Structures are given as structure tokens and as C-alpha cells.
Amino acid sequence: MMLSSYPLWWLALPVLLLPVWWHRQKRQRVKAELLATARFLPSAPPEQLRVWQWRDKLLLLVRCLLLMVLIAWLAATIFPWRGDTVLVDAGADRAWVEEQIKSAGFTSATRIDMPADVLPWLRENERDWQRDAKLLIVARAGQIAMPARLPQFSHPVELRTKPVGSRQSAAPVDRHIVLGAPQTRAQPWRFLFAAFDVAGGGVARHVLDAAPDARTALIVWDTPGTVPPAAWRSTHWWVVAPTVAEAAGEAGGPFPELAAATALTVNGIHFKYADTPRGRLWTSDVFPPRDADTARALYDSWQLLSAAPAPAYATPSQTVAAERNAAPIPGAMPAAWLALAMLALFMIERILSHARRN
């Protein structure tokens, strides 16, 4: 998506019609009629016929090329147009964000959504900001990874992140789970995922669906002796131990891949897993947990096995002073060959114009 207006210079291409119009010449030609004598005819101006003709085609070509290169040079030139700006993390607490913006004095500043990898992005696009502009970044803790070397900016940049220990009131993340179990066996699983919601402190919410879709992160299969639908796919499957025993004892069982599964122990819980075309199958003797301690150990183990990695070091709140001597930003100035081409075309145009007059 275009974040600046400088490419709109290409809309000026219809200006090329002007030299085309200038290089059309009116030629007047008298339309005469043969008569035996004109003695008895009244006097009248000669009848004229206007004919459009091309002239100086080489000069026309040079002038069109000169205008095209000029438009390209303007389109490649960055004109700073942004003023004071606040880059806001979309998942941050709205009340906390408003408090930080007010305390920093950016109440009247423009607000935009914070992009991923905000610091490198800001370095690459800093040319869009006016020279006296200031920037404020407001984000949750852990959302901005600390670079090995903090980039130098030509504008003052203030970064405010929410402390890790503060209360987060952002909307929880939905984790969709499909529960393939009869009613007599489904209740322990519902209790388990409700406990997972509490254990996560409200950060994630486990939603039970009837069938998998693109949002499904886990399928729990607790229907011994039955084969799941062939169209069901998920990144992870939980398969209860009785079903595994049937699969190991029967060649045509519902999950024959688990007969040669790899063993893994996490937090004292023994897992077995196998990768299949429909997803990674997990099984354990604790499915479903029968006491609170086992449920807690299963939650901690699953967080270690499936959680997305967070940045190793998060960037803390800080203020980065403007470095007016910062290295030039690539692409902030138009290509040098455009200026040289424009100069060469201008010289050729002047030479051809002078030769035409003489």
C-alpha cells in the first residue's frame, strides 16, 4: 500500500500532449478555380484550406523524453509530508495508550498502526517525515524485539512499552479446538480447557467447535474404535490412550502411525507423537487429566511444546535522540542517472531549437 503521495506525479503524463500539440503546424493553401476571365467577378479574399502537419519530429521526440524524465525525477523524489506521529500497537490497552499519548504531549498528532518490525520499518521510511517532526511508539511489553544495535534516526523517537507486571486488558486470543468425543466423555475435556483459560490469566480463550476449519489449532479425538472424518486437518491432534491401544493392535486402526511414535517426556508427563498428512498426533496416558496437579502439568507442558517463541530481549521504554548526521537513507533521493539524463536531453533540445531557428 502506498504510504506517500509522491508516486502520484505519474498522473502528470498527459502533459506530453502539449509538445504534440505545439508541433502540429497550420499550412494555408489557396483553393483556386480556373475561369475564362475574372473581369466581371467581385473582389473577394482567397479561400483557404487548413491542413495539420507534423514538423520537427526529432525535436518533438526529445521534448517528450525530457518531460517523461522530469516526471520520473519528481516521482522518485521524496517530499516529506508527515508531521508528529504516534505509532500505536493494535493490541495494547486503549486506556493505557490514551494515557501515554496525553502524557507525552502527542494529543494532536496523527496516529497510525504500528507495523511489524517497527524500528527497521521506521528507519526505511523516515524520509516521509518533515524535518521538525517527532515520533512516539506505544506498544505492549515484548512486542518490539531489541536489535543488536539501535538504529540512528534523523528525528527524535520516544518508545513507551507497557511494563510486564502491569495489568493487560486487551482482548484475549481465541484458540479454536475441535472436540471429537461423545457426550459421556466430553465433560472432562470441557473442564480442562476452562481451567486452561484461568491458568493463562485471560490471555487466551479456548473455543470448542464442532468441526475443524482454518482457525483450528487442535483436535481432541476421544472416540475409541472410530475413524475421524478424512477431511479433518489440524496442526495438532490429541488422541486418548485407549484409541492408541486399538490402533497398535489392529493394522487398520484409526491411527496406525502411533504404533511407531516417538517418545518424549516434559514436566514428568510422557508423550508420544507422530507426524501424519492430517497433522501431528499426540498421545499420553494422562488424556484427559484426572486431577488438578496433572492438569496444571499438562498445561505447562503444552505451553512449552506449542507456544510461539517470543523475542529473546524486548526493547524497553526509552527516548532516542535525533542524529542529524545519521547515514543517508537509501532511496531518499532520486537516482543520479535521472538528473544526468534530464541535463543531456535539455542540452540536445536547446541545440535542436537553435538549429531550427537558423
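Going by the numbering used here, the first residue of the sequence shown is number 3, and it counts up by one from there. Beta carbons: idealized from backbone N, C-alpha and C, even for Gly. In this text the structure is predicted, and so the values were computed from the model without any measurement.
Measure the beta-carbon distance from V268 to L307 and round it to whole angstroms, keeping in mind my assumption that it falls under 8 Å. 7 Å
Can you tell me whether DSSP reads G333 as helix, strand or coil? Low confidence applies to G333: its pLDDT is 49, below 50, so where it sits in the model is not reliable, and the reading given next is rough at best. Correct three-state label for G333: coil.
Backbone CA spacing between L347 and V22 [nearest angstrom]: 17 Å
Roughly how many angstroms separate the alpha carbons of I73 and L15, rounded to a whole number? 7 Å
When the Cα atoms are used, what is the spatial distance from L345 to R26? 26 Å
When DSSP labels each residue in this structure, what does W234 get in the three-state scheme? coil
Three or more beta-carbon pairs under 8 Å between the region 287 to 305 and the region 120 to 138, yes or no? no
So what's E160 in DSSP terms, helix, strand or just coil? strand
Could you pull the DSSP bridge partners for A141 from this structure? T163
Exposed or buried, D224, counting other C-beta atoms within 10 Å across all chains shown (16 or more means buried)? buried
CA-CA distance, L61 and L68? 10 Å
Reducing DSSP to helix, strand and coil, say where R359 ends up. helix
What's the C-alpha gap between I184 and P256? In the sequence as presented, Ile is not what sits at residue 184; that position holds Pro. Between P184 and P256, the C-alpha separation is close to 16 Å.
Anticipated Cβ contact below 8 Å, D86 with F108, distance rounded: 6 Å
Compute the Euclidean distance between the alpha carbons of D152 and D134, then round it to the nearest angstrom. According to the sequence shown, residue 152 is Leu rather than Asp. Cα to Cα, the separation comes out at about 21 Å.
Backbone CA spacing between W99 and L89 [nearest angstrom]: Contrary to the premise, residue 99 reads as Val rather than Trp in this sequence. Rounded to whole angstroms, V99 to L89 spans 10 Å at the Cα level.
Every unbroken beta strand (DSSP E) inside the region 258 to 318 [3 residues or more]: 264 to 268, 271 to 278, 281 to 286
Within this structure, are the beta carbons of I179 and L138 separated by less than 8 Å? no
Proximity of T237 and R280 at Cβ, strictly below 8 Å: no
From T264 to Q320, what does the alpha carbon distance come to, in whole angstroms? 47 Å
Taking 8 Å as the limit between beta carbons, can you name the residues of its chain near L376, skipping five residues before and five after? Past the boundaries of the shown model lies residue 376; the chain is included only from 3 to 360, so the question cannot be answered.
Give me the Cα-Cα distance between L194 and V222, rounded to the nearest whole angstrom. 12 Å
Report yes if the CB atom of T317 is closer than 8 Å to the CB atom of I146, and no otherwise. yes
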